[in-house]
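Novice: Here you go, one structure.
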Amino acid sequence: MNELTANMKTEEAIKEKIKESRFESINGKDLMEMDLPPLHYTISTILPHGFFILAGGAKVGKSWLAEQISYAVASGGQIWGYQAIQSEVLYLGLEDTVTRLQSRFEMLEAYEGMENIHFVLKANSITSGVEEDIRDYLTLHPNIKLVVIDTLQHIRGNEFVKNIYAGDVEFTNILRQISMEFDLTILALTHTNKGKHDDDISKISGSEGMAGGTDGNWVLTKSKRTDTRANLTISNRDTEAFEFALEFDKESCRWNKLTRDESVVNEKERFLHAIVNFVKAEEAHHWEGTATELLTNLQAREPILVSYSAAVFSKSLKAAQDSLREIYGVSYVSAFHNKKKWITLDYIEVK
């Protein structure tokens with residue numbers, strides 16, 4: 001066997017070994033030409049699909065917030081003006097009883113759509129079968145797009161304690177993988193640490209591997225436990241950051257928004273409205289061309305877009321696909337044509 005043949009066989013063996021492993025690659029050209037699905041949301045703009053933590057101190061009201069979110073999704077309602085995408089919900093109320101759950105949802109006046117929430121009150125830990133249980137349940141109920149876990153510690157167990165950071169990374173990876181495989185949102189409740197912290201993320205119970213391994217973190221904080229007002233900080237991996245001042249209404253048992261980051265949200269809404277109005281004004285409600293051409297057309301109509309570069313605009317447009325389609329009825333398709341990314345927009349009325 002000559003040296004060339006030996007090298008070829010070695011190369012083929014390595015390629016075969018890589019195929020069998022998880023170490024696979026994609027080159028940049030193929031990556032840029034891929035027609036990838038848009039980011040999907042459970043609540044438009046603020047809660048996309050993925051694995052998220054909702055953290056707060058004991059008795060701060062995070063379970064009420066999780067229940068409010070769950071009912072908004074189950075009924076196709078809104079929360080603080082943001083549209084929930086209606087779907088079924090799997091709610092693991094691992095600190096609840098059926099009596100408490102019935103009472104709390106009655107106080108929320110949750111009736112229409114309650115058939116879409118599936119309640120589970122007991123579950124094993126991750127290493128004792130709950131991962132398989134969740135996967136099996138989601139397979140049998142494919143319309144579930146939100147899973148709530150109240151609280152995270154009930155399924156985490158003690159198996160990950162030996163090396164806390166590594167254990168937190170492994171644990172969050174399991175839940176992230178489920179959210180990706182089933183294309184849904186997992187919202188897991190946990191506590192915050194006591195004492196002073198540099199930022200809200202560092203308040204989340206566990207190591208940095210916990211907060212850092214999620215797709216986003218929601219942190220609900222109060223100055224005093226008896227306060228009715230709280231601050232909610234939202235830091236998502238793939239969306240803008242948000243900060244809301246909330247007040248808990250003891251009569252309706254809902255968290256109501258007092259203020260919000262208007263600059264970020266208004267810019268997002270104006271961005272979406274500019275695109276929708278432009279497409280609706282086009283002949284046959286249809287437009288196609290490059291991102292640069294579309295941006296040039298829109299900048300003449302919406303001053304806020306003047307500061308956008310073509311690259312930033314293209315990224316923002318791709319991130320907004322889900323909202324454009326599901327809320328405003330504008331479909332977005334992109335594909336490479338003559339070495340240019342070609343965009344097609346069509347207005348189709350929301351059903």
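Heads up: the sequence shown begins at 1 in full-length UniProt numbering, then just goes up one per residue.
Glycine included, C-beta positions come from ideal geometry on N, C-alpha and C.
This one's a predicted model, so the numbers in the text were calculated from it and none came from an experiment.
Check SER316 in the structure and name its three-state DSSP category.
Specialist: helix
Novice: Of all the options PRO142, ILE174, THR190, ILE343, which has the alpha carbon lying nearest to the alpha carbon of LEU294?
Specialist: ILE343
Novice: Checking the sheet assignment: what are the DSSP bridge partners for ASP346?
Specialist: Beta-bridge analysis with DSSP links ASP346 to HIS286, SER331.
Novice: With a CB to CB cut of under 6 Å and the five nearest residues on each side skipped, what residues in its chain are close to SER263?
Specialist: Annotation note: pLDDT 48 at SER263 (below 50); position unreliable, coordinate value reported separately. Around SER263: no qualifying Cβ.
Novice: Identify, in the order they occur along the chain, each residue of the same chain with its Cβ nearer than 8 Å to the Cβ of LYS122, setting aside the five sequence neighbours on each side.
Specialist: LEU94
Novice: Span of the alpha helix (DSSP H) holding ALA166?
Specialist: 164 to 181
Novice: Let me confirm a value: ALA230 is counted as buried when at least 16 other C-beta atoms fall within 10 Å, else exposed. Which label applies?
Specialist: buried
Novice: Leaving out five residues on either side along the sequence, give the residues of the same chain with a beta carbon under 8 Å from the beta carbon of GLU349.
Specialist: GLY329
Novice: Could you name the residues that DSSP lists as bridge partners for VAL148?
Specialist: Under DSSP, VAL148 shares a beta bridge with TYR91, LEU187.
Novice: Near LEU184, what residues of its chain come up, given a Cβ to Cβ distance below 7 Å and the 5 sequence neighbours on each side ignored?
Specialist: HIS49, ILE144, LYS145, LEU146, VAL147
Novice: Would you mind working out which of ARG225, ALA211, ILE149 sits nearest SER235, comparing C-alpha positions?
Specialist: ALA211
Novice: For TYR308, which residues in the same chain have their Cβ closer than 8 Å to its Cβ, ignoring the five residues on either side in sequence?
Specialist: LEU295, GLN299, SER316
Novice: In the DSSP assignment, find the beta strand (DSSP E) that holds residue 354 and state where it starts and stops.
Specialist: Residue 354 cannot be examined here, being either before or after the span of the chain that is shown, 1 to 351.
Novice: With a threshold of 16 other CB atoms inside 10 Å of the CB of GLY28, please say whether the residue is buried or exposed.
Specialist: exposed
Novice: DSSP three-state label for PRO142, please.
Specialist: coil
Novice: If you pair each beta-carbon of the stretch 276 to 293 with each one of the stretch 44 to 64, do three or more pairs fall below 8 Å?
Specialist: no
Novice: Taking just the CA atoms, how far does LEU189 sit from SER63?
Specialist: 8 Å
Novice: Using the DSSP secondary-structure output, state which residues sit across from HIS337 in a beta bridge.
Specialist: LYS340
Novice: Give the DSSP-derived three-state secondary structure of ASN256 in the structure shown.
Specialist: strand
Novice: In this structure, what does DSSP give as the bridge partners for THR192?
Specialist: ILE204
Novice: With DSSP as the reference, label MET26 as helix, strand or coil.
Specialist: Position check: residue 26 holds Ile in this sequence, whereas Met was assumed. Coil, per DSSP.
Novice: Is DSSP giving ASN124 helix, strand or coil here?
Specialist: coil
Novice: Which residues does DSSP pair with TYR41 in a beta bridge?
Specialist: PRO48
Novice: Measuring only the C-alpha atoms, how far is GLU112 from ILE149?
Specialist: 22 Å
Novice: Classify LEU31: buried if its beta carbon has 16 or more other beta carbons within 10 angstroms, exposed otherwise.
Specialist: exposed
Novice: Does ARG260 pass the burial test, meaning 16 or more other C-beta atoms within 10 Å, or should it be called exposed?
Specialist: Legend: pLDDT at ARG260 = 49, less than 50; position of this residue unreliable, value from coordinates given subsequently. Buried, because 16 or more other Cβ atoms sit within 10 Å of the Cβ of ARG260.
Novice: Please state the DSSP three-state secondary structure of LEU272.
Specialist: helix
Novice: Can you name, in chain order, every residue of its own chain whose Cβ lies under 6 Å from the Cβ of TYR82, other than the five neighbours on each side?
Specialist: Correct list, in chain order: ILE43, SER44, THR45, ILE46.
Novice: From VAL120 to LEU108, what distance separates their C-alpha atoms?
Specialist: Distance from the CA of VAL120 to the CA of LEU108, rounded to the nearest whole angstrom, comes to 19 Å.
Novice: According to DSSP, is GLY212 part of a helix, a strand, or is it coil?
Specialist: The answer is helix: DSSP assigns GLY212 an H, G or I state.
Novice: Would you call the CB atoms of PHE52 and GLY216 closer than 7 Å?
Specialist: With contacts defined by Cβ atoms closer than 7 Å, PHE52 and GLY216 form a contacting pair.
Novice: First and last residue of the alpha helix (DSSP H) that includes ASP322?
Specialist: 321 to 326
Novice: Counting C-beta neighbours from all protein chains within 10 Å, is the total for VAL98 16 or more, i.e. buried, or is it exposed?
Specialist: exposed
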